[in-house]
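Right, one structure below, let's go through it.
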């Protein structure tokens, strides 16, 4: 019952995204544009980026792409549509579907961004699988926090700026852990040296997911 | 009179902390020297802030379970006192850091994360300000407050533990247990935590009373 509800909502998200391609294309262009601007600003023809800078810049690009990608999660749903959801589905399945969909979207964005970023700015990553795992765990955390924050901001006035104001500080723990994991991956350290960070980010993801699923039904009623 | 015993206790404890904390004999340590007394005026503020923010979070959970305007007011006022203590903690820490570490902001992980924590709670106040409908404001800010408190724990206790900090007690610096062999610091530190917490609760109850009167006035 719950499962069919979630999978139905997930299908709906994907269908809407594919039907209105402008949103998806817009966010891809945003990512590509930012990466290209960074490439031109640093002018790596003459100056090589330090691994620390390379890594930090990548995560900042990913962070802002994620904020603008998830911003439309609830902000763009009209109030009529929300009423309809209220009649046909439970709050838990709506937020679960949103989290799953946006986690997927951010993982795809992150991997595409990694590819393009590595192509233009050089790829110093020595253990790519650890880096990819960092992107996946970081994306899940960012998607969850931003989905919940987007549903909060949707209720308020000046919601675009509120979305960023509420989301950015909450994202910092996830971001710091992801940066640390991917720095270890860039330096090619053994996996065992990142176990601590992986455990922390996985537990932050789990806590935030659980909170989102518990709290969303209360947000949604208004 | 009987109801207010804890306010007298608060005044007495803080008098003891200020007088005892400034006059008592403290362990002599390299670099720290007399500035070790900041344990009572800086370090003691953080547990107090956590207690106040925890109370605020509990009121928010209470509001979610059973909505009542009083609980929302209490949650916001306790959060405000918690934020005040956080700001004071940062300021006292910066003054201390200027003399022991050489600069007011040294990029210490605990310092950075405390600043982030204050940003999260500042966002809570902004969120409250931007919602007009009182019931909607109460419910939505309660949800955000719970989320904020859940982020605060990893931010202040788990993340700084993973990296070396300049703070005493981490990164190879002498810790509380090593310095305070004869429990002299503890004899002032724990009363200081209780005293500052009671002061915060006092601020909050005053804020709650003002808010309730304003609500009544508006009706």
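Residue numbers (this note's numbering), protein chains in the order written: chain A, 1 to 222; chain B, 1 to 219. Beta carbons are placed, not taken as given, at the ideal position from N, Cα and C, and that holds for glycine. Since the model is a prediction, treat every value here as computed from it, not as a measurement.
Exposed or buried, residue i, counting other C-beta atoms within 10 Å across all chains shown (16 or more means buried)?
i, result
"residue 157/A", "exposed"
"residue 271/B", "The requested residue 271/B is not part of the displayed model; chain B covers only 1 to 219."
"residue 65/B", "exposed"
"residue 98/B", "exposed"
"residue 86/B", "buried"
"residue 186/B", "exposed"
"residue 71/B", "buried"
"residue 129/A", "exposed"
"residue 154/B", "buried"
"residue 203/A", "exposed"
"residue 91/B", "exposed"
"residue 137/B", "buried"
"residue 14/A", "exposed"
"residue 197/B", "buried"
"residue 117/A", "buried"
"residue 63/B", "buried"
If the cut is a Cβ gap below 7 Å, which residues of chain B does residue i touch?
i, result
"residue 165/A", "123, 126"
"residue 204/A", "154"
By the criterion of Cβ-Cβ separation under 8 Å, what are the contact partners of residue i in chain A?
i, result
"residue 139/B", "218, 219, 221, 222"
"residue 150/B", "207, 208, 211"
Kindly list, in the order they appear in chain B, the residues whose Cβ is closer than 8 Å to that of residue i.
i, result
"residue 200/A", "154, 158, 159, 162"
"residue 152/A", "127, 140, 143, 144"
"residue 215/A", "64, 143, 146, 147"
"residue 176/A", "159"
"residue 162/A", "126, 127, 130"
Can you tell which of the options has the C-alpha that lies nearest to the C-alpha of residue i?
i, options, result
"residue 220/A", "34/A, 31/A, 201/A, 74/A", "74/A"
"residue 184/B", "122/B, 36/B, 93/B, 5/B", "36/B"
"residue 74/B", "129/B, 209/B, 108/B", "209/B"
"residue 143/B", "121/B, 199/B, 5/B, 104/B", "121/B"
"residue 207/A", "146/B, 164/B, 188/B, 77/B", "146/B"
"residue 57/B", "165/B, 124/B, 190/B", "124/B"
"residue 162/B", "112/A, 3/A, 19/A, 198/A", "198/A"
"residue 19/B", "51/B, 134/B, 32/B, 41/B", "41/B"
"residue 112/B", "67/B, 164/B, 26/B", "164/B"
"residue 110/A", "119/A, 90/A, 96/A, 132/A", "132/A"
"residue 27/A", "70/A, 8/A, 37/A, 59/A", "70/A"
"residue 16/B", "206/B, 191/B, 211/B", "191/B"
"residue 140/B", "136/A, 153/A, 140/A, 147/A", "153/A"
"residue 103/A", "146/A, 86/A, 61/A", "146/A"
"residue 210/A", "155/A, 140/A, 178/A", "140/A"
So the alpha helix (DSSP H) residue i belongs to, where does it begin and stop?
i, result
"residue 48/A", "Looking at the DSSP string, residue 48/A is not in any alpha helix (DSSP H), and its letter there is neither H nor E."
"residue 84/B", "69-100"
"residue 187/A", "159-187"
"residue 125/A", "Premise fails: residue 125/A is in no alpha helix (DSSP H) and is neither H nor E."
"residue 165/B", "No alpha helix (DSSP H) holds residue 165/B; DSSP gives it neither H nor E."
"residue 196/B", "184-218"
"residue 130/B", "109-130"
"residue 14/A", "2-19"
"residue 7/B", "5-23"
"residue 216/A", "195-220"
"residue 144/B", "134-153"
"residue 46/B", "45-65"
Chain A partners of residue i, CB-CB under 7 Å?
i, result
"residue 116/B", "169, 172"
"residue 223/B", "What the structure shows of chain B is the stretch from 1 to 219, and residue 223/B is not part of that stretch, so it cannot be assessed."
"residue 120/B", "169, 170"
So which residues of chain B does residue i contact, with C-beta pairs closer than 9 Å?
i, result
"residue 196/A", "162"
"residue 146/A", "Chain B residues near residue 146/A: none, gap ~12 Å exceeds 9 Å."
Would a check of beta-carbon distances place residue i closer than 8 Å to chain D?
i, result
"residue 109/A", "In summary, chain D is missing from the structure at hand, where the protein chains are A and B."
Problem set entry | Whole alpha helix (DSSP H) elements within the region 64-101 of chain A, 4-residue minimum | 72-75, 79-88
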